[in-house]
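Reading through the structure tokens given below for one structure.
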Amino acid sequence: MAQPSMLAQQPMQAKLVLLGDMGAGKSSLVIRFVKGQFFDYHESTIGAAFLTKTMPEHGMKLEIWDTAGQERYHSLAPMYYRGAAAAVVVYDVTDRPSFEKARSWVTELQQQASPGIVVALAANKVDLVDERVVEEREGAQYAQEQGLLYFETSAKTNSNVTELFQELAASIPKQAPPQRPQGDVDLSAEPGAGGGAGGPKPASACCA
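When the sequence shown is numbered by this note's numbering, its final residue is 1237 and no position is left out of the sequence of numbers.
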């Protein structure tokens, strides 16, 4: 039987969800963070993908749900953000409609997610300087108005990716989160993480 001192060292589990338009780079961000990898192309996520990342410096294990960006999966989103301790809303700085969609996600979280959820706005693909259409000041001002964390990120160059998740972990209240949603496949990058409950197999994720 484990000693009390050993049990006390177990990391707190915290549920985190990524939301955003298809192609904004949600999956690339989380794969870069969890696995340290980047791919120029991924197939679109179907339903949601599940990964975990233990952060000993915060005494926390993040259970990360990377949701599909296609509109036909929008109705499934509440299943993933319900009970989440934190959310990352991602948009592509080269695509204004994805920024407008991010604003819509923020509004939905404010209305339907758990009170006290920590929300970060990730302005992704900042490495594409010449193609940028949503400027930093616009995203930063919106985040400030809504009380969000704000990061300019690039999964491709690994700019601010770790910082984004570190700040989220530091901001999550130290309390036990609810159970993860049922019905999806565990794509955890860490050995020994629990499997999902037999839902449709998600594809890997979309876009840098």
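For each residue, glycine too, the CB sits at the ideal point set by N, CA and C.
Between which two residues does the beta strand (DSSP E) holding residue i run?
{"i": "G1049", "result": "M1041 to G1049"}
{"i": "T1191", "result": "Per DSSP, T1191 belongs to no beta strand (DSSP E); it is in the alpha helix (DSSP H), V1190 to S1200."}
{"i": "E1181", "result": "L1178 to E1181"}
{"i": "A1151", "result": "V1147 to N1153"}
{"i": "A1115", "result": "A1115 to D1121"}
In the DSSP assignment, the alpha helix (DSSP H) including residue i goes from what residue to what residue?
{"i": "A1106", "result": "A1106 to Y1110"}
{"i": "T1136", "result": "R1125 to Q1141"}
{"i": "E1092", "result": "Element bounds for E1092: not the alpha helix (DSSP H) but the beta strand (DSSP E), M1089 to T1096."}
{"i": "V1063", "result": "K1055 to K1064"}
{"i": "A1172", "result": "E1165 to Q1175"}
With a threshold of 16 other CB atoms inside 10 Å of the CB of residue i, please say whether the residue is buried or exposed.
{"i": "S1104", "result": "exposed"}
{"i": "M1125", "result": "Residue 1125 is actually Arg in this sequence, not Met. Classification of R1125: exposed, given that the 10 Å Cβ count is below 16."}
{"i": "R1199", "result": "Position check: residue 1199 holds Ala in this sequence, whereas Arg was assumed. That one is exposed."}
{"i": "Q1208", "result": "In this predicted model, Q1208 has a pLDDT of only 48, less than 50, meaning its place in the structure is not dependable; the value taken from the coordinates is given anyway. Q1208 is exposed by the Cβ-count criterion."}
{"i": "D1050", "result": "buried"}
{"i": "P1229", "result": "Only weak support is given to the placement of P1229: the predicted model assigns it a pLDDT of 40, under 50, and the question is left unresolved by the model."}
{"i": "K1064", "result": "exposed"}
{"i": "K1130", "result": "buried"}
Tell me, to the nearest whole angstrom, how far the beta carbon of residue i is from that of residue j; I am working on the premise that it is less than 8 Å.
{"i": "K1044", "j": "A1114", "result": "6 Å"}
{"i": "V1148", "j": "A1116", "result": "5 Å"}
{"i": "A1172", "j": "D1121", "result": "The pair is not a contact, with the Cβ atoms about 16 Å apart (cut-off 8 Å)."}
{"i": "S1143", "j": "G1112", "result": "6 Å"}
{"i": "T1081", "j": "P1040", "result": "Actually they do not touch by this definition, with Cβ atoms about 10 Å apart."}
Touch test, the region 1132 to 1140 against the region 1159 to 1167, Cβ-Cβ under 8 Å, three pairs minimum: no
The region 1150 to 1164 / the region 1082 to 1100 touching (three or more Cβ pairs under 8 Å): no
Inter-stretch contact (C-beta, 8 Å, three-pair minimum) for the region 1190 to 1200 and the region 1051 to 1068: Segment contact: the region 1190 to 1200 against the region 1051 to 1068, three or more CB-CB distances shorter than 8 Å; contact assigned.
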